[in-house]
Each structure stands twice: as structure tokens, then as C-alpha cells.
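Engineer: Right, I'll just put the structure down here and ask away after.
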Amino acid sequence: MEDEIASLEGRRPTLLLHSCCAPCSTAVIALLSRHFRLTVFYYNPNIDEEREYRLRAAEQQELLSKMEEAEGVSFIEGEYRPEDFLDHAKHLAHEPEGGSRCTFCYALRLEKTAEKARELGFEFFTTTLSISPMKDAQRINLIGSSLQETWGVRWLWSDFKKKDGFRRSVEISKKFGLYRQDWCGCSWSKAEALGRIKNTASGSAPDGNAAKPREEELPERK
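FYI, in numbering that gives the first Met the number 0 the residues of the sequence shown are 0 to 221.
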């Protein structure tokens, strides 16, 4: 990624950033907004509970309204159709977290991002997914690179967890009091996360700081 950014020579091209959630987008926006004209694309049909989906989408928009580095960053919400994920993923129900079901999930979201980037004339696209220590950056980048060939939009190779990226995302999330969930979004990832938490001696979330969903009424999904 550093070489790609250096090659821009001060030019700030457009980039469509797929975001899985507000906390993961924090450090990525802080980094990329210095080099690209960013638009955040929130497309996550893998979140199969609508209330959870709406909570995360609202949190993403709230972050963009508060974060200094997000000034001028636009927001696009993709269509919420959980069946687009479930119709295929249900055949991979036996797969462990991190397996082929996750590969399908990455590919589904990245292809929609590449398609949207092509439709709207963006020069680059990428995703926040690689900031998570639980995500395979190499697999994500290979999918993105393949989609670059299909859709004719440049993929920005990245591993945002490196150089303290994940730590920075946690710090910024705490600063803004963001809701930090413990699972990606699908029922399988939630079950795995709950099992993990149950098996810890303390019974707390992995970082011990995951916030509870807010109880106030959520905005209606557009």
C-alpha cells in the first residue's frame, strides 16, 4: 500500500471504502483520508439481525459526523438484503469461522463494492476488513485483486492491522464511545463469539471493553 500511495505523488484520487463497521473504519479513515477522496460504502448483508444491522449503520454515520479526519468523507449505504448472504452461506453452515463461508462473505461484499465503484466512477476501492486480527488479509487482497480485473477499478492492497492499525482503531473507538461488537454479523460468527466469551475465565469480551447496544430507538433504515 505504501508504494501505491507514494506513486500518487500528491494527487488525491477517489476511493470507495467498504466498511464492515464504524470501529474498524476509524483508523482506516484517519490514514486514507490524507491520500484519497473517500466515500464510505456500508454494505453488509451478512448481518442477519435487522436491529443489529441498523445499529451498526447508524453508528457508522454518527462516526463520520464527529471524526475530524472524516470531514468531507461521503457515505453510501448499500441495499440490505440478508438473503443475498444466507441463500449461499446456509450451504456452508458446517464450515468453521475463518473457512470457506467467510471467503464467500468477503467476496460478496467486495464484489458489490467493486461494482458500485465502477458504476460511480471511482478510481480505487478497498475495505476495512483487514484491520481485524481475525481476518486473513492475504485472502482479502487476492479477492480484491481478482475483482480489479473483472470491474476495471484499481484495488488498494492493504493490511490495516499492521503498524498498530488495530490498536489505533480501538483507541479511536473508545474516544468516540463507539459500540464495538464481538462478532462479524452472521449467526455463525455470533455463536462462535458467544462460545469464546463463555469459555474465558472472566466471562468478558476479548478486549474487556465491548459496549452494550444502546437502548434508545434506532433510526429507520432508508
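Glycine is no exception: its CB is placed at the ideal position from the N, C-alpha and C atoms.
Just tell me which of Asp83, Asp163 and Leu119 has its CA closest to the CA of phenylalanine 40.
Structural biologist: Per the Cα distances, Leu119.
Engineer: Tell me threonine 126's beta-bridge partners as DSSP assigns them.
Structural biologist: His17
Engineer: State the CB to CB distance for the pair serine 32 and alanine 69, rounded to an integer number of angstroms; the pair is presumed to be in contact (CB under 8 Å).
Structural biologist: 7 Å
Engineer: Please list the terminal residues of the continuous beta strand (DSSP E) segment that includes arginine 224.
Structural biologist: The structure shown does not extend to residue 224, since the chain spans only 0 to 221, so no value can be given for it.
Engineer: For the beta strand (DSSP E) that contains isoleucine 75, what are its first and last residues?
Structural biologist: 73-76
Engineer: Here's the rule: buried if 16 or more other CB atoms are within 10 angstroms of the residue's CB, otherwise exposed. What is arginine 80?
Structural biologist: exposed
Engineer: My assumption, with CB atoms under 8 Å, is that leucine 37 sits in contact with threonine 125. Please give the rounded CB distance.
Structural biologist: About 10 Å; that fails the 8 Å criterion.
Engineer: DSSP puts isoleucine 153 in a beta bridge; with which residues?
Structural biologist: Here residue 153 turns out to be arginine, not isoleucine, going by the sequence shown. Phe123.
Engineer: Measuring alpha carbon to alpha carbon, tell me which of Arg53, Ser64, Thr199 and Asp86 ends up nearest glutamate 78.
Structural biologist: Nearest of Arg53, Ser64, Thr199 and Asp86 to glutamate 78, Cα basis: Arg53.
Engineer: Got a sec, what are the start and stop residues for the alpha helix (DSSP H) histidine 87 sits in?
Structural biologist: Histidine 87 -> alpha helix (DSSP H) spans 82-88.
Engineer: Just to confirm before moving on: does the CB-CB distance between cysteine 101 and glutamate 110 stay below 9 Å?
Structural biologist: The Cβ atoms of cysteine 101 and glutamate 110 lie no closer than 9 Å to each other.
Engineer: Is arginine 117 closer than 9 Å to tryptophan 150 when the C-beta atoms are compared?
Structural biologist: yes
Engineer: Is threonine 125 near the ligand MG - that is, is its Cβ less than 8 Å away from at least one heavy atom of it?
Structural biologist: Inclusion of the ligand MG in the displayed structure is not the case, the ligand content being empty and no account of it being possible.
Engineer: Taking contact to mean 3 or more Cβ pairs, one atom from each stretch, closer than 8 Å, check whether the segment 122-141 and the segment 5-20 are in contact.
Structural biologist: yes
Engineer: Comparing alpha-carbon positions, which option in Cys19, Cys183 and Phe35 lies nearest glycine 71?
Structural biologist: Phe35
Engineer: What number of angstroms, rounded off, separates the C-alpha of alanine 21 from the C-alpha of asparagine 140?
Structural biologist: 21 Å
Engineer: Between threonine 127 and serine 24, how many whole angstroms is the CB-CB distance? I'm expecting something under 8 Å.
Structural biologist: 5 Å
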